[in-house]
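Structure record follows, encoded as structure tokens.
2 protein chains.
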Amino acid sequence: MQEQPDMQAPSDAVTDAWVHLIRAGRDVVRRIEAEIKGAGFPPLAWYDVLLSLKKAQDGRRTPREIERDALFEQYNLSRFLDRMEAEGLVRRIPYPGDRRRQLVEITEEGRALQRRMWSVYGPAISRHVGCKLAEGEAERLAALLQKLADTRT
Amino acid sequence: MQEQPDMQAPSDAVTDAWVHLIRAGRDVVRRIEAEIKGAGFPPLAWYDVLLSLKKAQDGRRTPREIERDALFEQYNLSRFLDRMEAEGLVRRIPYPGDRRRQLVEITEEGRALQRRMWSVYGPAISRHVGCKLAEGEAERLAALLQKLADTRT
DNA sequence: GAAAACTCCATGCAGATGCATTAATATGAT
DNA sequence: ATCATATTAATGCATCTGCATGGAGTTTTC
């Protein structure tokens, strides 16, 4: 796998981890998204927005907070919110004391959709992740993946 | 994390593994792609095509083989190959004995590009994956991720 | 050996995404 | 106070992607 004896070249183990990370990611995401979509639900990104809001105090967050919580691109989230607001899942309200910002609030419909989606999403996760790992393996995997999220560099 | 006592709901450990899988994936991919692009190179997908061909006997594979090797969608690969052929990185040649198929052959330019890309890609992997994991951790991560790739279900 | 079923690759079209920029507001420095 | 800088969100535009389909060629079936 290694090309030239380059000072900075990753070890085989690291390269392997990387390759499998991309593949498992793409692959499992694809399968789970397919189930969600197959059940007639909106894309997973919407679920992430709804969940992020649901977790927040009062079901409210600024777009920026959602972005950081769910790892969205700003322009992307902006457009999701357009559609979600149009469908009555969230509501944009002014942010007190700073007119650049806004607050996004989840509606009852939004909460309901999040719950209904979970009833498909949860089992899909079980099937595509849970069934393939023992409990301890899942814990170790989560821990290892978390180490990759370090934002330094 | 768990909503209702749903028979099929994933355990917290599994949910956690899933969440981190998506995030670490998106996140690390984004950073590495940014470096590749920042160095003026084409998208990572092209690299995957080139590498797949390079690994093959004679530097040749059918599109279908590339698809399966690199987990591409058929229509997507078809279009990548258009552009890559236009840039002289690969060449499409007839498949002897079956006129539906074709062979894609990597050119010298293609090989050269793959090498140049690796000189940026490799260090990026080191920086964003290698630096965050000990060698043994990388091995364990790769092994765990591989278990997710089981294609049953 | 003809018709049906299948495999392989390409492509038109709608919708999603990325990038760069804009508009509006807020903050900080002098 | 004023002006330069920074932050937040939206959007025009080009590109990319997904889906459905098409056309050409091959294998299977009877």
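Protein chains in written order, with my numbering: chain A, 1 to 153; chain B, 1001 to 1153.
Cβ atoms here follow ideal geometry from the backbone N, Cα and C, with glycine treated the same way.
Discussion item. So S1126/B contacts chain A; which residues on that side make the cut at Cβ distance below 8 angstroms?
Written reply: Sequence index remark: in the second sequence, residue 1126/B carries index 126 (1-based). Residues of chain A passing the Cβ test: Q8, A9, P10, V14.
Fill in: Beta-carbon contacts of L103/A that lie in its chain and below 8 angstroms, excluding the five residues immediately before and after
As a first step, residue 103/A is located in the first sequence; it is residue number 103 there, counting from the start. If we look at L103/A and ignore the five residues flanking it on each side, its Cβ neighbours are R60, R61, T62, R92, I93, P94, Y95.
Discussion item. With the cut-off set at 8 angstroms, would you say G1122/B and A17/A are in Cβ contact?
Written reply: Here residue 1122/B refers to the residue found at position 122 of the second sequence. Here residue 17/A refers to the residue found at position 17 of the first sequence. Going by C-beta atoms, G1122/B is not nearer than 8 angstroms to A17/A.
Fill in: Sub-8 angstroms separation of A24/A and L1021/B beta-carbons
As a first step, residue 24/A is located in the first sequence; it is residue number 24 there, counting from the start. As a first step, residue 1021/B is located in the second sequence; it is residue number 21 there, counting from the start. Contact: yes.
Practice prompt. Name, going along the chain, the residues of the stretch 64–76 of chain A whose beta-carbon falls closer than 8 angstroms to a beta-carbon of chain B.
Written response: L71
Worksheet item: Taking the alpha-carbon positions, what's the G942/B to A1143/B distance?
Response: The requested residue 942/B does not occur in the structure, where chain B is confined to residues 1001 to 1153.
Practice prompt. Tell me whether E1073/B sits in a helix, a strand or coil according to DSSP, three-state version.
Written response: Position 73 of the second sequence, counted from the first residue, corresponds to residue 1073/B. DSSP places E1073/B in coil when its eight states are reduced to three.
Practice prompt. Could you name the residues of the same chain whose beta carbon sits closer than 8 angstroms to that of I1066/B, not counting the 5 residues immediately before and after it, in chain order?
Written response: Residue mapping note: residue 1066/B aligns to position 66 of the second sequence, counting from 1. Once the five neighbours on either side are set aside, the close Cβ partners of I1066/B are V1049, S1052, L1053, F1072, L1077, V1104.
Worksheet item: For chain B, is any of its Cβ atoms less than 8 angstroms away from the one on K171/A?
Response: Here chain A comprises residues numbered 1 to 153, so residue 171/A is not present and cannot be evaluated.
Worksheet entry | Reference A112/A; option with closest CA among L133/A, V28/A, R79/A, F41/A | Within the first sequence, numbered from 1, the residue matching residue 112/A stands at position 112. Comparing Cα positions, the closest option is F41/A.
Discussion item. At the 8 angstroms Cβ level, is E1108/B part of the contact set with chain A, yes or no?
Written reply: On the second sequence, position 108 is the one that residue 1108/B refers to. Contacts with chain A at 8 angstroms (Cβ-Cβ) do not include E1108/B.
Discussion item. Which residue marks the beginning of the beta strand (DSSP E) containing V1129/B, and which one marks its end?
Written reply: Reading the second sequence from its first residue, position 129 is the one you call residue 1129/B. Run containing V1129/B: none; DSSP gives neither H nor E here.
Discussion item. Quick check: what's the CA-CA separation for R79/A versus R1026/B?
Written reply: The residue given as residue 79/A occupies position 79 in the first sequence. The residue given as residue 1026/B occupies position 26 in the second sequence. So the alpha carbons of these two residues sit roughly 19 angstroms apart.
Fill in: Under 8 angstroms between C-beta atoms of G130/A and V1014/B
Here residue 130/A refers to the residue found at position 130 when the first sequence is read from its first residue. Here residue 1014/B refers to the residue found at position 14 when the second sequence is read from its first residue. Yes. Within cutoff.
Worksheet entry | Residue-chain proximity (V1049/B, chain A), Cβ-Cβ < 8 angstroms | Against the second sequence, residue 1049/B aligns to sequence position 49. No, because no Cβ of chain A sits closer than 8 angstroms to the Cβ of V1049/B.
Item to complete: Below 8 angstroms CB to CB, which residues in the same chain sit around I32/A once its five sequence neighbours on both sides are set aside?
Response: For this step, residue 32/A is matched to residue 32 along the first sequence. Excluding residues within five positions, the ones whose Cβ falls inside 8 angstroms are L44, Y121, A124, I125, H128.
Fill in: Those runs of the beta strand (DSSP E) which lie wholly inside the stretch 1049–1100 of chain B and span at least 3 residues
1090–1094
Worksheet entry | Opposing strand residues paired with I106/A [DSSP bridges] | On the first sequence, position 106 is the one that residue 106/A refers to. In the DSSP output, where bridge partners are listed per residue, I106/A has V90/A.
Worksheet item: Does the Cβ-Cβ distance between T107/A and L81/A come in under 8 angstroms?
Response: The residue given as residue 107/A occupies position 107 in the first sequence. The residue given as residue 81/A occupies position 81 in the first sequence. For T107/A and L81/A, no; Cβs fall outside 8 angstroms.
Worksheet item: Under 8 angstroms between the Cβ atoms of K1147/B and L148/A?
Response: The sequence position of residue 1147/B within the second sequence is 147, counting from 1. The sequence position of residue 148/A within the first sequence is 148, counting from 1. No, the pair does not count as a contact, with Cβ atoms beyond the cut-off.
Fill in: Minimum C-alpha distance to E1035/B - residue among D1058/B, A1138/B, S1119/B
Reading the second sequence from its first residue, position 35 is the one you call residue 1035/B. Measuring from the Cα of E1035/B, the nearest candidate turns out to be S1119/B.
Discussion item. Distance cutoff 8 angstroms, beta carbons only. Does L1145/B sit that close to anything in chain A?
Written reply: As a working note, residue 1145/B is residue 145 in the second sequence. Output row for L1145/B: interface = yes.
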